[in-house]
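Residue numbers (my numbering), protein chains in the order written: chain Y, 1 to 305; chain S, 306 to 585; chain R, 586 to 904; chain L, 905 to 1123.
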Amino acid sequence: MLLALQQATEPPFFSITAPDDVLGAWLICFFTLAVFSFLYKDNPFYKVAEHVFVGVGTAFYTLQYYEEGVIGRLYEHMEQAGRALGEGGSGVMDLGGTPVPAAWAIGLRSVAVLLSLMLLVRLFRSGSWAPRWAVATMVGIYAAIKMTGETQSKLVLQVEGLMRKPLVNPELASWGSDWAAVEQTQVFYTFANLVLLVGVLCALLHFVFTFRRGKVLAGASRVGVVVLMLTFGAMFGFTVLGRYALLIDRIDTLGDYTGGAYSLAPPPAAGSAGALQLMLSPPVLLAVLIALVLAVAAASRKRSA
Amino acid sequence: MATATDFDRRWIFLAIGVLVLGLYAFGSGAPMPVSPYVQSYFDTIDALPEGSVVLLAADFDPGSAAELLPTYQATIHHLLLRKLRIVNVATWPAGPPFTRSSFAEIAPQYGAVYGSDWIELGFKAGDDVAMGQIGQSLLSSFAQDDRDKADVTSFPIMQGISDSFQGIALLITMSAGYPGVLEWIAQAGGRYDVPILAATTAVQTPDLFAYYPSQLQGFAGAATGATQYLQLVVAAGVPALEGTTTDNQERMLIQTYAHLLIIGLIVTGNVLYFLGRRGA
Amino acid sequence: MVFPAFTALLGELFATAGGALAMALSQAVGSQAVPPVESPWWERWQETVIDPGKLPTFVAVVFFGAVMFVAQSRARRGVEMPIRRIGGLDAMDEAIGRSTEMGRPVLYVPGIDEIKEIQTIYSMLILRHVARKAAEFGTPLIVPVKDSVVLTFAEEAVKQGCLDAGRPDAYIADNVRYLSNEQFAYCAGVAGIMNREKPAANFMLGMFFAESLILAETGFASGAIQIAGTAKQHQLPFFVAACDYTIIGEEYFAVTAYLTREPNLLGTIRAADVTKLLAIAALLVATVLGVIHAEAHFAGRPSAFSHYTDLFKGVVADD
Amino acid sequence: MKREIPILLTVLCGLAITWAFFSPLPAARAVNAELLAWAEVIFSVAFLLGIANLVRISLKQISARHPDSIYKVLLLLTMFGYLAVGLCDIHGWLLPEGAGAKDRSDWIYEKFFQPLQSTMFSLLAFYIASAAFRAFRARSFEATLLLVAGSLVMLGQVPMPTWLPESAAVGTFLQRVQAFLMVYVNGAGQSAIIIGAALGTLATGLRIILGVERSYLSE
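The following block contains the structure:
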């Protein structure tokens, strides 16, 4: 039985330190059920949930980037440099593991401040040239970071990684006895790595565009498409697995809040079934309320149509 | 198009709802066989000598916590059980709250001391850029720790750590997407030969097989990997996780019937489609 | 062998230039001293110019740049560069024609990422081509967008498309619509257009995330011909399963080169092809060496195979 | 002024990062760290602009008596409310005694943001089911391969129901088939896609840092 057990300690009505509180439970259940109500039809409950989601989401990510990018990289950096330049300071600061004169650190970082201010110009005059300097710097840095990192790990080391899967492993026994051991045999090992090698080569050849399609290239491309389709099938299977893991977790969260501690009804007298308490627990009560409101709305629309 | 598909899709939604709710309330699970790449995730942690420092990255958010939080907490249990020391970072802004709540719940069970057994360094913006910096020099990437806002070098756990992952025996990331395990491999695995382990969401797991085992030593992929890893950690002696493990096994059973239903829907949809086409 | 001579020359060039530049920069930045100059160029080179572990990446970048530059200049000089047929492209005209017969609009969804994502920039190039075709057939074209910056790019692309077809009047400003910057709200908006205005041809080309499934399914249920394409692999399973034609991975970048015949794009595709063929050759050599030296490899003894793979790892085996 | 300087900035920063990636010098690490910090600062400020855009559009809809304007007011209230609480937490103002530094923002995060985001994504489980019935057709040889492989992987990832005869043996067999499909066939497909994507990134990156690709500038 997965239904939540009675909460050990009595959760407070509202508390920011306790892991769970009653007000929080009602909010979580309302938002979860409001989003699920979209499956029936777009409705005011879903619109409330959607707009609160956009508002809270935007605020959340902005706070993170403000704390890290503005406070961390600017304010604290300048403060640290200032302390280093002060009377007791050593005049040198650590930057990426290399000692750098504090004056240079301040000078260089103020260039980032200047570029950021140029970015803010877009708020006042949309067509101005100033924001382009900041965007250009950012695009140049990120493009180079991605290019160097990915050429190393996704091109060179990926090809090198494929080389380290040789076709023959002399240490393996040639034939296996039972099914579980067959994977440790030479025949399976060579067959599997041949499939891998031929699969990679054909899939790569499928993505060759500017060479004339001879019989070999067309044939390899056909095999390549088969490999790609099986790969997409594997990805499809994993996506289904992931989505249902999430759905089950949401239902589990609602299940956790059916416990008596969150219900509006007082704890049942000893021995009597907690049915009333279950009915007035956040998920059940809210689900019934939302369903009722939508049903009434649907009925009145049918009468007026 | 074939009339078979014009019927209201909300009947299918209802079927899914009834199936999942029914099994959730009355279903029960069973242990699963462990795949090789999950076993090597467990064995790589097990093989570390006592006291080694592990960099644990919480690169996920609420949307992916369902698949990754169980493995994240099981990994913390496993590391503290093996008396390994944990430096926590996050390249997703939504990561640190999970680190705070998980350690608040798990650390006392092993008598772990903040600052010597584990430390929380918080979120670092910049995606692959941040990972490159963390790899290049951890100390200059985080001037202060995330909890007490104290100078990082004042904590005993940070003493042995210097640039280019010196002093860090293993990098583990709970990876929900971008930036995640692929970027850690690009920015850290490619430059400094530190072994990398990962737990990933289902959508990202297929990408990892191309890196296994040459650039990625092991991974617990999707809810399946999480359940198998939980089974291994409970067997290694963590009774506290028995409840979560049976929970996960029960959820896997719901997955079984959900998958059977999806396959059934694909088959019937196609049968009606081809019958409709031949009949019309 | 050509290779050592070439690296010696390159090494000498880099060592002197690189060393001077590095010395000046590190003096200015105040870091520790640089090793004395008289050691052979290889040691100096490793200390000052290039980290040996990065050598293969460096060679890859320089080689790719060179091939791309040569291919682009040849393309500019008009050298014919064939691009193989891509299924989704030929179906484009047929799909737009069908919409015209049925008197229904065409829908073009340019993905949901910002303009800095390269797939969104290329989607604008394809949009201009589709706008031209739609204007020629005289069929209205609806373009829902999720980002206000992409909105301005999309309006520009459709306007240019109509001009290319010589029908500036075919451009309807209201058909390029900013719906919402939230992923699922945008998706609900596009689904609404599919159900209400019932376009007979849906193009979904660009960077997509989890919402691709909803768009593909709603489009299928509305009975439209659907042509989808994206470079990232995560959403391709749903497009392949639900759409009539799918443009897969790198084919997406070849579409823009195929449609626009722009020398830069052609050169890039050519360089990628040449590099791929080289990677295939390198893999085949490794396979042959691997079979010959299987015992040595598993016994851990250095062999031609280990030296060969080390080249790609950048570790210079000091034998 | 409008285009030459930005392109020069892109090329300089791009080449500096590329030099810093390849060079073993300590100076390279300082240059790399500094430019990374620049990118972080600019990205964070650019993100703040995102808010300005959202507020402008919401206010325009409210003033235009848009039918959804009541919801737009709710959006702005929750956003600025959470921003205010978050800023107080970051700077430690008005901290209630006995509460940790981040407890207030964590509360809003756990009771508002977490349930909304995870439930939004869990809706996709329903959409996959309706798409499976209505849209996933074995219309071509390739699509058939995809659906068969997808079903095999789905069954290989989950325990077999116990009432099935020989469920353990069938379960292990399906998992072995799925493991082979994933490690070798999917491994091959993924490697090819990854190498192809890396070439795309290399080409685009090179053209940006050499100043050839300029389309991102003409906004």
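Each residue gets a CB set at the ideal place from its N, CA and C atoms; glycine is no exception.
Does any residue of chain R bring its CB to less than 8 angstroms from the CB of S/V508? Mapped onto the second sequence, residue 508 of chain S falls at position 203. It does: the Cβ of S/V508 has a partner Cβ on chain R nearer than 8 angstroms.
Do Y/T62 and L/P1019 have their C-beta atoms closer together than 8 angstroms? In the first sequence, counting from the first residue as 1, residue 62 of chain Y sits at position 62. In the fourth sequence, counting from the first residue as 1, residue 1019 of chain L sits at position 115. Not in contact: Y/T62 and L/P1019 (Cβ atoms no closer than 8 angstroms).
For the alpha helix (DSSP H) that contains Y/F209, what are its first and last residues? Here residue 209 of chain Y refers to the residue found at position 209 when the first sequence is read from its first residue. Taken as a continuous stretch (DSSP letters only), Y/F209 belongs to no alpha helix (DSSP H), as it is neither H nor E.
With 8 angstroms set as the bound, which would you pick, yes or no: does the beta-carbon of Y/Q80 sit closer than that to a beta-carbon of chain R? If you number the first sequence from 1, residue 80 of chain Y lands on position 80. No, because no Cβ of chain R sits closer than 8 angstroms to the Cβ of Y/Q80.
Check the C-beta distance from R/T642 over to Y/Q64 and give it rounded, since I have them as a contact under 8 angstroms. Taking the first residue of the third sequence as 1, we reach residue 642 of chain R at position 57. Taking the first residue of the first sequence as 1, we reach residue 64 of chain Y at position 64. About 32 angstroms separates the beta carbon of R/T642 from that of Y/Q64, a gap too long to meet the 8 angstroms contact definition.
So what's Y/P166 in DSSP terms, helix, strand or just coil? On the first sequence, residue 166 of chain Y is found 166 positions in, with the first residue counted as 1. Reduced to three states, the DSSP call for Y/P166 is coil.
S/Y346 and S/A525 look like a contact to me (Cβ under 8 angstroms); what is the Cβ gap, rounded to whole Å? Numbered from its first residue, the second sequence carries residue 346 of chain S at position 41. Numbered from its first residue, the second sequence carries residue 525 of chain S at position 220. Contact holds; Cβ gap of about 5 angstroms.
Quick one: complete alpha helix (DSSP H) runs, 4+ long, within the stretch 81-120 of chain Y? Runs of the alpha helix (DSSP H) inside the stretch 81-120 of chain Y: 102-120.
Unbroken alpha helix (DSSP H) runs of length 4 or more, entirely within the stretch 683-742 of chain R: which are they? 703-722
How would you list, in chain order, the residues of chain L whose beta-carbon sits under 8 angstroms from the beta-carbon of S/P511? What you label residue 511 of chain S is simply residue 206 of the second sequence in a count that begins at 1. Near S/P511 (Cβ distances below 8 angstroms), the residues of chain L are M1086, N1090, Q1094.
Could you tell me which chain S residues have their CB closer than 8 angstroms to the CB of Y/Y65, listed as they occur along the chain? Numbered from 1 along the first sequence, position 65 holds the residue referred to as residue 65 of chain Y. The contacting residues are P398, A430.
Residue range of the unbroken beta strand (DSSP E) whose run includes R/G814: As a working mapping, residue 814 of chain R is identified with position 229 in the third sequence. Counting along the chain, R/G814 sits inside the beta strand (DSSP E) bounded by residues 810-815.
Across the stretch 783-792 of chain R and the stretch 691-699 of chain R, are there enough close Cβ pairs to call them in contact, namely three or more that are closer than 8 angstroms? yes
Coil, strand or helix - R/A676 by DSSP: Locating residue 676 of chain R in the third sequence gives position 91, where the first residue counts as 1. Note: R/A676 maps to helix in three-state DSSP.
For a contact defined as C-beta to C-beta under 9 angstroms, what are the partners of R/K861 on chain Y? As a first step, residue 861 of chain R is located in the third sequence; it is residue number 276 there, counting from the start. The answer, in chain order, is L204, L205, F207, V208.
Reduced DSSP category for L/E1070 - H, G, I as helix; E, B as strand; rest coil: Within the fourth sequence, numbered from 1, the residue matching residue 1070 of chain L stands at position 166. Residue state, collapsed to three classes: coil.
Given that a residue counts as buried once 16 or more other Cβ atoms are within 10 Å of its Cβ, and exposed if not, what is R/W630? Here residue 630 of chain R is taken as the residue at index 45 of the third sequence, counted from 1. Under this definition R/W630 is a buried residue.
When DSSP builds the beta bridges, which residues end up paired with R/N787? Walking along the third sequence from the start, residue 787 of chain R turns up at place 202. Its beta-bridge partners are R/L692, R/Q811.
DSSP-derived helix/strand/coil call for R/Q617: The residue you call residue 617 of chain R lines up with position 32 of the third sequence. Reliability fails at R/Q617, whose pLDDT of 48 lies under 50, so the model's placement of it is uncertain and the value that follows must be treated cautiously. In this structure, DSSP gives R/Q617 a state outside helix and strand, which the three-state scheme calls coil.
Scan the stretch 809-837 of chain R for residues whose Cβ lies nearer than 7 angstroms to a Cβ of chain S and list them as they occur along the chain. H819
Please classify Y/G107: is it buried, with 16 or more other beta-carbons within 10 angstroms of its beta-carbon, or exposed? In the first sequence, counting from the first residue as 1, residue 107 of chain Y sits at position 107. Per the 10 Å Cβ criterion, exposed.
Give the straight-line distance between the Cα atoms of Y/L2 and L/I994, rounded to the nearest whole angstrom. Sequence index remark: in the first sequence, residue 2 of chain Y carries index 2 (1-based). Sequence index remark: in the fourth sequence, residue 994 of chain L carries index 90 (1-based). Confidence at Y/L2 is low in this model, with a pLDDT of 32, below 50, so its placement is unreliable and the value that follows should be read with caution. Rounded to whole angstroms, Y/L2 to L/I994 spans 39 angstroms at the Cα level.
Would S/D433 be called buried (16 or more neighbouring beta carbons within 10 Å of its own) or exposed? Counting from one through the second sequence, the residue named residue 433 of chain S turns up at place 128. Label assigned to S/D433: buried.
State the beta-bridge partners of S/Q449 as determined by DSSP. Sequence index remark: in the second sequence, residue 449 of chain S carries index 144 (1-based). Answer is S/D456, bridged to S/Q449.
Under 8 angstroms between the Cβ atoms of Y/R73 and L/A950? What you label residue 73 of chain Y is simply residue 73 of the first sequence in a count that begins at 1. What you label residue 950 of chain L is simply residue 46 of the fourth sequence in a count that begins at 1. For Y/R73 and L/A950, no; Cβs fall outside 8 angstroms.
Between the Cα of R/A758 and the Cα atoms of R/A785, R/P725, R/G751, which residue gives the shortest distance? For the purposes of this step, residue 758 of chain R is taken as residue 173 along the third sequence, with counting starting at 1. For R/A758, the nearest C-alpha among the options comes from R/P725.
If the cut is a Cβ gap below 8 angstroms, which residues of chain L does Y/F211 touch? Within the first sequence, residue 211 of chain Y is the residue found at index 211, counting from 1. Those within 8 angstroms of Y/F211 in chain L number zero; the least Cβ separation is about 15 angstroms.
State yes or no: is the beta carbon of Y/N43 nearer than 8 angstroms to at least one beta carbon in chain R? Here residue 43 of chain Y refers to the residue found at position 43 of the first sequence. Not an interface residue.
Count the CB pairs spanning the stretch 974-987 of chain L and the stretch 948-962 of chain L that are closer than 8 angstroms, and state whether there are at least three. yes
Taking Cβ positions, are Y/F188 and Y/V195 nearer each other than 8 angstroms? Residue mapping note: residue 188 of chain Y aligns to position 188 of the first sequence, counting from 1. Residue mapping note: residue 195 of chain Y aligns to position 195 of the first sequence, counting from 1. Against a cut-off of 8 angstroms, the Cβ pair of Y/V195 and Y/F188 comes out as no contact.
Buried or exposed for S/A399, please, with buried defined as at least 16 other CB atoms from any protein chain shown within 10 angstroms of its CB. Counting from one through the second sequence, the residue named residue 399 of chain S turns up at place 94. By the neighbour-count rule (16 or more Cβ atoms within 10 Å), S/A399 is buried.
Kindly indicate which three-state DSSP category S/W489 falls into: helix, strand or coil? For the purposes of this step, residue 489 of chain S is taken as residue 184 along the second sequence, with counting starting at 1. Helix at S/W489.
Against chain R, does Y/Q152 count as a neighbour if the rule is that its beta carbon must be under 8 angstroms from one of theirs? Position 152 of the first sequence, counted from the start, is the residue given in the question as residue 152 of chain Y. It does: the Cβ of Y/Q152 has a partner Cβ on chain R nearer than 8 angstroms.
Skipping 5 residues on each side, what residues in its chain have a beta carbon closer than 8 angstroms to that of Y/L167? Here residue 167 of chain Y refers to the residue found at position 167 of the first sequence. Short of 8 angstroms from the beta carbon of Y/L167, and not among the five residues preceding or following it, lie these beta carbons of its own chain, in chain order: T190, N193, L194, L197.
Simplified DSSP state of Y/L280, which is helix, strand or coil: Against the first sequence, residue 280 of chain Y aligns to sequence position 280. Looking at Y/L280 - three-state DSSP - the assignment turns out to be coil, as it is neither helix nor strand.
Which residues share a DSSP beta bridge with S/F524? Residue 524 of chain S sits at position 219 when you count from the first residue of the second sequence. Answer by DSSP bridge pairing, in chain order: S/A503.
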